[in-house]
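J.: Under UniProt numbering, the first residue of the sequence shown is numbered 1, with each subsequent residue one higher.
Ideal Cβ placement from N, Cα and C applies to all residues, glycine included.
Keep in mind it's a predicted model, so treat the numbers as computed, not measured.
Following this message is one structure expressed as structure tokens.
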Amino acid sequence: MGCLGNIIWLIFGGLVAALVWMLAGLIMCITIIGIPFGIQCFKIASFVLWPFGKEIEAGNFGIGGLFLNIIWIIFFGWEITLIHLLIGIVLCVTIIGIPFGIQHFKLAKLGFIPFGANIK
Numbered sequence: 001m002g003c004l005g006n007i008i009w010l011i012f013g014g015l016v017a018a019l020v021w022m023l024a025g026l027i028m029c030i031t032i033i034g035i036p037f038g039i040q041c042f043k044i045a046s047f048v049l050w051p052f053g054k055e056i057e058a059g060n061f062g063i064g065g066l067f068l069n070i071i072w073i074i075f076f077g078w079e080i081t082l083i084h085l086l087i088g089i090v091l092c093v094t095i096i097g098i099p100f101g102i103q104h105f106k107l108a109k110l111g112f113i114p115f116g117a118n119i120k
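Written out as structure tokens, the structure is:
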């Protein structure tokens with residue numbers, strides 16, 4: 001199911017979403033201050049590209065990660081999380097969309113607190 005789910009995910013929006021995350025990462029890396037946020041966008045883009053079969057483990061961040069997560073939440077995180085939650089809820093209305101909705105819930109978790117999250 002993982003490989004088939006990833007292929008369907010890529011065809012129906014996963015590739016576009018990964019490219020958007022990569023573009024956001026490139027834009028954020030223009031300034032020195034934005035580089036840590038751009039790196040997180042690249043990590044999220046790699047997860048968005050092939051999400052089935054991967055899990056997210058949040059936590060394991062120090063004081064620097066906490067500070068960066070707070071800045072992320074204020075400027076980027078809450079909007080991204082809200083969008084992924086709404087898309088996930090809409091997809092979970094149908095039985096066929098439930099696996100894709102679950103992936104959007106994972107993306108919402110990663111989009112809210114990216115610093116210190118491990119993708120397994």
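Once you ignore the five residues that flank Met28 on each side, which residues in its own chain have a CB closer than 7 Å to its CB?
T.: Position 28 of the sequence shown, counting from 1, holds the residue named residue 28. Correct list, in chain order: Gly34, Phe37, Gly38 and Cys41.
J.: Classify Asn118 as helix, strand or coil using the three-state DSSP reduction.
T.: Position 118 of the sequence shown, counted from the start, is the residue given in the question as residue 118. The answer is strand: DSSP assigns Asn118 an E or B state.
J.: Rounded to whole angstroms, what is the Cα-Cα separation between Gly25 and Phe100?
T.: Counted from its first residue, the sequence shown places residue 25 at position 25. Counted from its first residue, the sequence shown places residue 100 at position 100. So the alpha carbons of these two residues sit roughly 24 Å apart.
J.: Just to confirm the assignment, what range does the alpha helix (DSSP H) spanning Cys41 have?
T.: The sequence position of residue 41 within the sequence shown is 41, counting from 1. Segment Ile35 to Leu49, the alpha helix (DSSP H) holding Cys41.
J.: Our contact map puts Ile44 next to Gly111 with C-beta atoms below 8 Å; I'd like the distance itself, whole angstroms only.
T.: Translated into the one-based positions of the sequence shown, residue 44 becomes position 44. Translated into the one-based positions of the sequence shown, residue 111 becomes position 111. Indeed, because the Cβ distance is near 7 Å, the residues count as touching under 8 Å.
J.: May I ask you to report which of helix, strand or coil DSSP gives residue 142?
T.: As displayed, the chain neither begins before 1 nor continues past 120, which places residue 142 out of reach and without an answer.
J.: Do Phe61 and Gly116 have their beta-carbon atoms positioned less than 8 Å apart in this structure?
T.: Within the sequence shown, the letter at position 116 stands for residue 116. Within the sequence shown, the letter at position 61 stands for residue 61. Cβ distance < 8 Å, so Gly116 and Phe61 count as in contact.
J.: From which residue to which residue does the alpha helix (DSSP H) around Val90 run?
T.: Along the sequence shown, read from residue 1 onward, the residue named residue 90 stands at position 90. From DSSP, the alpha helix (DSSP H) with Val90 extends over Trp78 to Leu91.
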